[in-house]
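Structure first, commentary second.
Chains as they are written, first to last, in the numbering used here: chain A, 49 to 208; chain B, 7 to 184.
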């Protein structure tokens, strides 16, 4: 397995973990701030993960001129604050997240192993494609940790 | 923010190459977990602050000492040692046997730092070309893991537990960030 294949497998495994952690819950449960005083909710995190994948794969790696998802007028907290217990908001979050994943997969399908070394902004030396994919692994993993405790506080479910 | 930028010990140096990238990621998330534990008493570190979870910050330090040992010693170097903070009777001894004492805190952090130093020593000797090399997994006959997967797994493991630490810490004293 190449490095690129390994990174893609890690990203796929983590997406599947998020699917499991959010499965079988009502809109109220998904939107509940179940570990106060934290403002995090499962639904807020799904919206944030959609925003995160869109930022890395679409805005950064594809250089698409698109506004960041769920961030209005620079208001980053809106991703979490506006994650309310409404079936339409839930459906939008999951539809958006899955649609972004398809676009992200299309971006990764076009990568060759050697592309991992590519620095996407040579003037600013912002980072390599490898670094972008590892950031995605890191973001998913850290937020999966939040999902673990939020979910356990809702209905006691633990584990992968 | 928790610490001013100029006091943050983590680095973002845009390392070149696969191994150097892993080295910086691992170092940063080890530091992050340690930062999440700073300035707390043994009682706070041992608190299961997000019930019903049995996790505590001190339990996480013991757990990561065990995980570092399991992957970087027992698997990577097949050294035949027993697991640490684990027993036949209690596979979650790392979390379950936490005590709110300075002795327990000192032991956990000493073990964790010892395991990190040993892990760093081993990984320093790995060449970029060896990252695809497969190693037999300790305690799992017939299973192998590549050096690359072992190290990325450790990054993922630290990141996930830093996520747990985020909420555990916020519930202790309201601190967030980093």
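The beta carbon of each residue, even a glycine, is placed where N, CA and C say it ideally should be.
Keep in mind that this is a model prediction, so the values were computed, not measured.
Under the Cβ criterion (8 Å, minimum of three pairs), the stretch 69 to 78 of chain B counts as touching the stretch 150 to 168 of chain B. Considering only 139(A), 198(A), 166(A), the residue with the shortest C-alpha distance to residue 23(B) is 166(A). The beta carbon of residue 17(B) is closer than 8 Å to those of 30, 33, 34 in its chain, skipping five residues each way along the sequence.
With respect to the 8 Å criterion, residue 97(A) and residue 138(A) are not classified as neighbours on the basis of their beta carbons.
Here DSSP, grouped into helix, strand and coil, assigns residue 138(A) to helix. Spatial neighbours of residue 55(A) in its own chain (CB-CB distance under 6 Å, excluding positions within 5 residues in sequence) are listed in chain order as 181. As computed with DSSP, residue 176(A) is found in a beta bridge with 167(A). For residue 81(A), no Cβ of chain B is located within less than 8 Å of the residue's own Cβ. Here the stretch 116 to 128 of chain A does not lie against the stretch 150 to 163 of chain A, with fewer than 3 beta-carbon pairs under 8 Å apart. Taking 7 Å as the Cβ-Cβ cut-off, the stretch 14 to 32 of chain B approaches chain A at 20, 24, 27, 31, given in chain order.
Within chain B, 152, 154, 155, 158 have C-beta atoms less than 8 Å from the C-beta of residue 54(A), given in sequence order.
For the stretch 187 to 207 of chain A, the beta-carbon criterion of a distance under 9 Å to any beta-carbon of chain B is satisfied by 187, 188, 189, 190, 191, 192, 193, 194, 195, 196, 197, 198, 200, 201, 204, 206. When C-beta atoms of the stretch 166 to 179 of chain B are compared with those of the stretch 60 to 69 of chain B, three or more pairs fall below 8 Å, so the two segments count as touching.
DSSP places residue 94(B) in the coil class of the three-state scheme, outside both helix and strand. For residue 141(B), the enclosing beta strand (DSSP E) stretches over residues 140 to 142. For the pair residue 72(B) and residue 89(B), the CB atoms are nearer than the 8 Å cut-off.
Going by C-alpha positions, residue 206(A) is about 14 Å away from residue 167(B). In the DSSP annotation of this structure, the continuous segment of the beta strand (DSSP E) that includes residue 152(B) starts and ends at 150 to 152. At a beta-carbon threshold of 7 Å, the residues of chain A lying near residue 176(B) are 85, 86, ordered along the chain.
With its beta carbon at least 8 Å from every one in chain A, residue 98(B) lies outside the interface.
Counting only runs of 4 or more residues that sit fully inside the stretch 95 to 132 of chain B, the alpha helix (DSSP H) segments are 99 to 102, 108 to 130, in chain order. For residue 178(A), a Cβ of chain B is located within less than 8 Å of the residue's own Cβ.
Pairing residue 83(A) with residue 201(A) gives a Cβ-Cβ distance under 8 Å. Apart from the 5 residues on each side of it in sequence, residue 15(B) sits with its Cβ closer than 7 Å to the Cβ of 37 in its chain, given in chain order. Per DSSP, residue 48(B) is one residue of the alpha helix (DSSP H) stretching across 48 to 52.
Rounded to whole angstroms, residue 138(B) and residue 145(B) show a C-alpha spacing of 21 Å.
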